[in-house]
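Visitor: A single structure is presented below for examination.
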Amino acid sequence: MKKSKQFWLFIIAAVLVYTVVQIFIANGMMNQFYSNTLIFIAINIILAVSLHLVIGITGQFSIGHAGFLAVGAYMSAIVTMKLDLPFIVGIIVGGIVAALAGLIVGIPSLRLKGDYLAIATLGFAEIIRIVFLNIDYVGGAAGMQVSHLTTWTYAFVCLVITIIVIVNFTNSRHGIAAISVRENEIASDAMGINTTYYKVAAFAIGSFFAGVAGALYSHNFYIIQPSQFGFLKSFDILIFVVLGGLGSLSGAVLSAILLTVVSTYLQGYPETRMIIYSLVLILVMLYRPKGLMGTMEITDYFKLWRTPKGGDQHGK
């Protein structure tokens with residue numbers, strides 16, 4: 157009952173946020189700069205939450221998320237620009253192909269751990285970038301022209317679906333099994349949990365939503381190039397998760413919002429942008445070494461506020 161109540165509160169809050177922003181956009185009260193910033197925030201949240209499932213829930217250190225972003229971006233662009241199919245089809249195809257790519261790289265490489273897995277996923281992302289760099293069908297190094305089809309509605313709906321799916325997965329028995337893998341893989345395996353299955357499943361789901369973000373990303377600009385999906389992009393997404401707090405979905409969302417806003421408003425200072433951006437990260441990590449939220453969610457703070465200092469309402 158409590159989870160059902162939280163779900164409907166989230167849906168109501170999401171509808172209210174969408175309605176208010178849509179009214180502002182429709183009436184011209186929000187210019188294109190701010191609406192585009194909101195879309196970019198939604199895309200980054202999807203990327204952060206999808207990587208949170210891999211790193212924060214299953215504990216797999218992956219730094220190749222930009223590869224799945226690139227797969228979704230290019231596949232959706234091919235669907236819309238080359239095949240003249242609707243944008244929604246491009247989003248779905250981009251997500252599915254990215255999930256398949258996640259399975260292809262996940263099945264052999266997720267038997268690795270720690271730094272070795274990080275190197276393997278980073279290598280995959282670079283392979284994807286080089287492949288698109290050498291395919292003339294998608295423009296090669298010059299890039300591919302893409303129509304601007306991403307809207308606030310598409311971005312927000314995809315964001316809500318992403319959060320709902322990942323939260324439900326995390327709270328299910330599959331999510332509990334994945335968390336047990338993160339805490340102690342050897343003990344989980346000894347208890348009969350198929351650790352490889354849950355790692356690959358989480359990797360595929362995270363890859364799917366990274367592909368969805370890639371579809372939105374590619375159609376939010378008028379051209380996509382392989383240089384946009386280099387290893388630095390993977391580190392940008394990784395920072396969202398680490399800064400927010402490993403294991404905290406709320407933290408990933410908050411850090412994605414914060415860093416996107418900071419990065420956007422520092423675009424007018426190209427010489428000092430990365431210095432200021434780095435200083436912000438250093439200061440946050442100095443004063444919040446576990447990230448903005450640590451391992452807690454926003455709902456956990458609500459529970460703490462409702463609990464009396466001397467114990468619960470029964471005095472225990």
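Heads up: the sequence shown runs through residues 157 to 472, numbered per the working numbering.
The beta-carbon is built from N, C-alpha and C at its ideal position, and this holds for glycine as well.
Any idea if GLN216 is buried or exposed, counting beta-carbon neighbours within 10 angstroms, 16 or more meaning buried?
Guide: GLN216 is buried by the Cβ-count criterion.
Visitor: Could you give the distance in angstroms between the alpha-carbon of GLY471 and the alpha-carbon of LEU415?
Guide: With a pLDDT of only 41 at GLY471, under 50, the local geometry of the prediction cannot be trusted, and no value is derived from it.
Visitor: Thinking PHE454 and SER406 are a contact (beta carbons under 8 angstroms), I'd like their distance in whole angstroms, please.
Guide: Per the sequence shown, the amino acid found at residue 454 is Ile instead of Phe. The Cβ separation is near 4 angstroms, so the contact holds.
Visitor: What does the alpha-carbon distance come out to for the pair VAL323 and ALA298?
Guide: Each residue's alpha carbon lies about 39 angstroms from the other.
Visitor: With distances taken Cα to Cα, identify the nearest neighbour of TYR373 among TYR310, THR428, LEU259 and GLY270.
Guide: If we check each option's Cα against that of TYR373, TYR310 comes out closest.
Visitor: At what residues does the alpha helix (DSSP H) containing ASN324 begin and finish?
Guide: Here the alpha helix (DSSP H) through ASN324 covers 308–327.
Visitor: Using beta-carbon positions only, say whether VAL409 and ALA222 come within less than 9 angstroms of one another.
Guide: Not closer than 9 angstroms, so no.
Visitor: Within 10 angstroms of its Cβ, does TYR443 collect 16 or more other Cβ (buried), or is it exposed?
Guide: It is exposed - the Cβ of TYR443 has fewer than 16 other Cβ atoms within 10 Å.
Visitor: How about GLY250 and SER265: do their beta carbons lie closer than 9 angstroms?
Guide: No, they are not a contact pair.
Visitor: Could you give the DSSP three-state label for GLN301: helix, strand or coil?
Guide: GLN301 falls in the strand class under three-state DSSP.
Visitor: Just reading off the alpha helix (DSSP H) that TYR190 is part of, what are its end residues?
Guide: Looking at the DSSP string, the run of the alpha helix (DSSP H) that includes TYR190 is 188–208.
Visitor: Taking only three categories from DSSP, how would you classify ILE379?
Guide: Three-state result, ILE379: strand.
Visitor: Report the three-state DSSP secondary structure of ALA169 (helix, strand or coil).
Guide: In this structure, ALA169 counts as helix in the three-state DSSP scheme.
Visitor: Taking C-alpha atoms, which residue in CYS314, LYS238 and SER218 lies nearest to TYR272?
Guide: Among CYS314, LYS238 and SER218, the Cα nearest to that of TYR272 is on SER218.
Visitor: Grab me the residues of MET157's own chain with a C-beta within less than 6 angstroms of its C-beta, minus the 5 sequence neighbours each way, in chain order.
Guide: Unreliable placement is indicated for MET157, whose pLDDT of 46 sits below 50; the coordinate value is still reported in the next sentence. So no residue of the chain qualifies.
Visitor: Between the alpha carbons of GLY321 and LEU402, how many angstroms are there, rounded?
Guide: Strictly speaking, residue 321 in this sequence is Val, with Gly absent from that position. So the alpha carbons of these two residues sit roughly 19 angstroms apart.
Visitor: By how many angstroms is the C-alpha of ASP345 removed from the C-alpha of PHE377?
Guide: Approximately 45 angstroms, taken between the alpha carbons.
Visitor: Given a cut-off of 9 angstroms, decide if ILE380 and TYR230 are closer than it, judged by their beta-carbon atoms.
Guide: Yes. Within cutoff.
Visitor: So, under 8 angstroms CB-CB, PHE359 and VAL210 are touching, yes? Tell me the CB distance rounded to an integer number of Å.
Guide: PHE359 to VAL210, Cβ: 6 angstroms. Contact.
Visitor: Whole angstroms are fine: how far does the CA of HIS375 sit from the CA of MET300?
Guide: Straight-line Cα distance between these residues: approximately 11 angstroms.
Visitor: Give the secondary structure of ARG338 by DSSP, where H, G and I count as helix, E and B as strand, and everything else as coil.
Guide: Helix.
Visitor: Work out the CA separation of LEU172 and LEU289 for me, nearest whole Å.
Guide: Distance between the alpha carbons of LEU289 and LEU172 is about 42 angstroms.
Visitor: Between the Cα of GLY262 and the Cα atoms of THR352, GLY270, THR420 and GLY228, which residue gives the shortest distance?
Guide: Measuring from the Cα of GLY262, the nearest candidate turns out to be THR352.
Visitor: Within 8 angstroms: the Cβ of LEU435 and any heavy atom of the ligand SAM?
Guide: Although the ligand SAM was asked about, the structure shown includes no ligands whatsoever.
Visitor: Pull up the distance between the alpha-carbon of PHE166 and that of VAL316, whole angstroms please.
Guide: Distance between the alpha carbons of PHE166 and VAL316 is about 9 angstroms.
Visitor: Does the contact criterion of 3 or more C-beta pairs under 8 angstroms hold for the region 364–372 versus the region 188–204?
Guide: Enough Cβ pairs lie closer than 8 angstroms, so yes.
Visitor: Between ILE195, LEU225 and VAL356, which lies nearest to ALA369 when the distance is taken from Cα to Cα?
Guide: Among ILE195, LEU225 and VAL356, the Cα nearest to that of ALA369 is on LEU225.
Visitor: Look at the Cβ atom of SER404, then the Cβ atom of LEU448, and state whether they are nearer than 9 angstroms.
Guide: Yes, these two residues count as a Cβ contact at 9 angstroms.
Visitor: Which two residues bound the contiguous alpha helix (DSSP H) that contains LEU422?
Guide: It is not in any alpha helix (DSSP H) - LEU422 carries neither H nor E in the DSSP assignment.
Visitor: Select from PRO382, VAL436 and ALA255 the residue whose C-alpha is nearest the C-alpha of ASP292.
Guide: Ranking PRO382, VAL436 and ALA255 by Cα distance to ASP292 puts PRO382 first.
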